[in-house]
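Those protein sequences? They're chains A and B, same order as listed.
Oh and the first sequence: position 17 is 17 in this note's numbering, straight run, nothing missing.
Oh and the second sequence: position 64 is 1064 in this note's numbering, straight run, nothing missing.
Yeah, the Cβ is synthetic: ideal placement off N, Cα and C, and Gly gets one too.
Quantities reported herein were computed from a predicted structural model and do not represent experimental measurements.
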Amino acid sequence: SQKIEQNSEALNIQEGKTATLTCNYTNYSPAYLQWYRQDPGRGPVFLLLIRENEKEKRKERLKVTFDTTLKQSLFHITASQPADSATYLCALTNNNNDMRFGAGTRLTVKP
Amino acid sequence: GAVVSQHPSWVICKSGTSVKIECRSLDFQATTMFWYRQFPKQSLMLMATSNEGSKATYEQGVEKDKFLINHASLTLSTLTVTSAHPEDSSFYICSARGTGHSNYGYTFGSGTRLTVV
Chain A
1 SQKIEQNSEA LNIQEGKTAT LTCNYTNYSP AYLQWYRQDP GRGPVFLLLI RENEKEKRKE
61 RLKVTFDTTL KQSLFHITAS QPADSATYLC ALTNNNNDMR FGAGTRLTVK P
Chain B
1001 GAVVSQHPSW VICKSGTSVK IECRSLDFQA TTMFWYRQFP KQSLMLMATS NEGSKATYEQ
1061 GVEKDKFLIN HASLTLSTLT VTSAHPEDSS FYICSARGTG HSNYGYTFGS GTRLTVV
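Set out below in structure tokens:
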């Protein structure tokens, strides 16, 4: 069966460090992968999209990598700040525009 | 940027009544909208795909007669939870993506917290 797994339910890091979140998938052929941020009681907010033929994408302090051989995406936040504390969701979309989400990783950045 | 407005943000209703949730794309046309349900500390689960002018496509296990979806225009989709029961209490979120937004992901509404008492 199709699975999308985000490495840990929760991740705690110190302010200024780099946060690295992992998204692994099985039995899925994504056309592209997205990362979203979700704050409590709010809808997800789009951060980055990376296509199957792309290795890396950057946006300000954010970096996403996509390895279709390993079936894995890594999401990095450099110079993390307490305001980065939120739940981060990865989502995979196939060629039929069928999008599925991982369970999310709750990131806490401590000052 | 693309904005999706979802209303209401929260609602409390009595068991057995129906509740309607609206999802509007404010500055773009959305031929397709998606409805999700999210339980506490869990991920978003796709309930149905709403297509303008045609019937919604429901995911396996989602009762189409209980969760009525109407997508009558390119900017509005509604989800009606009929004969709501306490187990329907959840966070409901809609999303949409306009044409030409293929590099910008999907835009989500702010969600509706439904509590059935």
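Between which two residues does the beta strand (DSSP E) harbouring arginine 100 (chain A) extend?
Position 100 of the first sequence, counting from 1, holds the residue named residue 100 (chain A). Looking at the DSSP string, the run of the beta strand (DSSP E) that includes arginine 100 (chain A) is 99-101.
Could you confirm whether any beta carbon from chain B is found closer than 8 Å to the beta carbon of alanine 103 (chain A)?
As a working mapping, residue 103 (chain A) is identified with position 103 in the first sequence. Cβ-Cβ to chain B under 8 Å: yes for alanine 103 (chain A).
Taking only the alpha-carbon atoms, compute the straight-line gap between arginine 1097 (chain B) and methionine 1033 (chain B) and give it to the nearest angstrom.
Residue mapping note: residue 1097 (chain B) aligns to position 97 of the second sequence, counting from 1. Residue mapping note: residue 1033 (chain B) aligns to position 33 of the second sequence, counting from 1. Rounded to the nearest angstrom, the two C-alpha atoms are 7 Å apart.
For the beta strand (DSSP E) that tyrosine 88 (chain A) lies in, which residues bound it at each end?
Here residue 88 (chain A) refers to the residue found at position 88 of the first sequence. Here the beta strand (DSSP E) through tyrosine 88 (chain A) covers 86-93.
Cβ of tyrosine 1058 (chain B) less than 8 Å from any chain A Cβ?
Here residue 1058 (chain B) refers to the residue found at position 58 when the second sequence is read from its first residue. Chain A, which has no Cβ nearer than 8 Å to the Cβ of tyrosine 1058 (chain B), makes this no.
Kindly list, in the order they appear in chain A, the residues whose Cβ is closer than 7 Å to that of isoleucine 1093 (chain B).
The sequence position of residue 1093 (chain B) within the second sequence is 93, counting from 1. By Cβ distance, chain A contributes Gly43.
Beta-carbon proximity check, arginine 61 (chain A) vs alanine 79 (chain A), cutoff 8 Å
Along the first sequence, read from residue 1 onward, the residue named residue 61 (chain A) stands at position 61. Along the first sequence, read from residue 1 onward, the residue named residue 79 (chain A) stands at position 79. Cβ atoms of arginine 61 (chain A) and alanine 79 (chain A): closer than 8 Å.
Chain A residues whose Cβ lies nearer than 9 Å to that of serine 1090 (chain B):
What you label residue 1090 (chain B) is simply residue 90 of the second sequence in a count that begins at 1. Near serine 1090 (chain B) there are no residues of chain A at all, since even the closest Cβ is about 12 Å away, more than 9 Å.
Return the chain-ordered list of same chain residues with a C-beta closer than 7 Å to the C-beta of tryptophan 996 (chain B), the five sequence neighbours on each side being excluded.
Any property of residue 996 (chain B) remains undetermined from this structure, which presents chain B solely from 1001 to 1117.
Per DSSP, alanine 19 (chain A) forms a beta bridge with which residues?
Reading the first sequence from its first residue, position 19 is the one you call residue 19 (chain A). Looking at the DSSP assignment, alanine 19 (chain A) forms a beta bridge with A:Ile77.
Looking only at its own chain, which residues have a Cβ that is under 7 Å from the Cβ of lysine 1020 (chain B), when we skip the five neighbours before and after it?
Along the second sequence, read from residue 1 onward, the residue named residue 1020 (chain B) stands at position 20. Hits under 7 Å: Thr1078, Thr1080.
So what does alanine 1096 (chain B) bridge to, in DSSP terms?
On the second sequence, residue 1096 (chain B) is found 96 positions in, with the first residue counted as 1. Per DSSP, B:Met1033, B:Thr1107.
Interface residues of chain A facing threonine 1115 (chain B) [CB-CB closer than 8 Å]
Sequence index remark: in the second sequence, residue 1115 (chain B) carries index 115 (1-based). The contacting residues do not exist; threonine 1115 (chain B) stays about 13 Å from chain A at best.
Pick from A:Thr108, A:Asn96, A:Leu48, A:Ala19: whose alpha carbon is nearest that of cysteine 90 (chain A)?
Stepping through the first sequence from its first residue, residue 90 (chain A) is reached at position 90. If we check each option's Cα against that of cysteine 90 (chain A), A:Leu48 comes out closest.
Output the distance between the C-alpha atoms of tyrosine 1106 (chain B) and leucine 1026 (chain B), rounded to the nearest integer angstrom.
The count along the second sequence starts at 1 and reaches residue 1106 (chain B) at position 106. The count along the second sequence starts at 1 and reaches residue 1026 (chain B) at position 26. Between tyrosine 1106 (chain B) and leucine 1026 (chain B), the C-alpha separation is close to 14 Å.
Tell me which same chain residues have a C-beta within less than 6 Å of the C-beta of glutamine 34 (chain A), skipping the five on either side of it?
As a working note, residue 34 (chain A) is residue 34 in the first sequence. Answer for glutamine 34 (chain A): Leu49, Ala91, listed in chain order.
Check whether chain A comes within 8 Å of glutamine 1042 (chain B), counting only Cβ atoms and requiring the distance to be less than that.
Counting from one through the second sequence, the residue named residue 1042 (chain B) turns up at place 42. At least one chain A Cβ lies under 8 Å of glutamine 1042 (chain B).
Is it the case that the Cβ atoms of glycine 102 (chain A) and serine 1043 (chain B) are separated by a distance below 8 Å?
Position 102 of the first sequence, counted from the first residue, corresponds to residue 102 (chain A). Position 43 of the second sequence, counted from the first residue, corresponds to residue 1043 (chain B). Closer than 8 Å, so yes.
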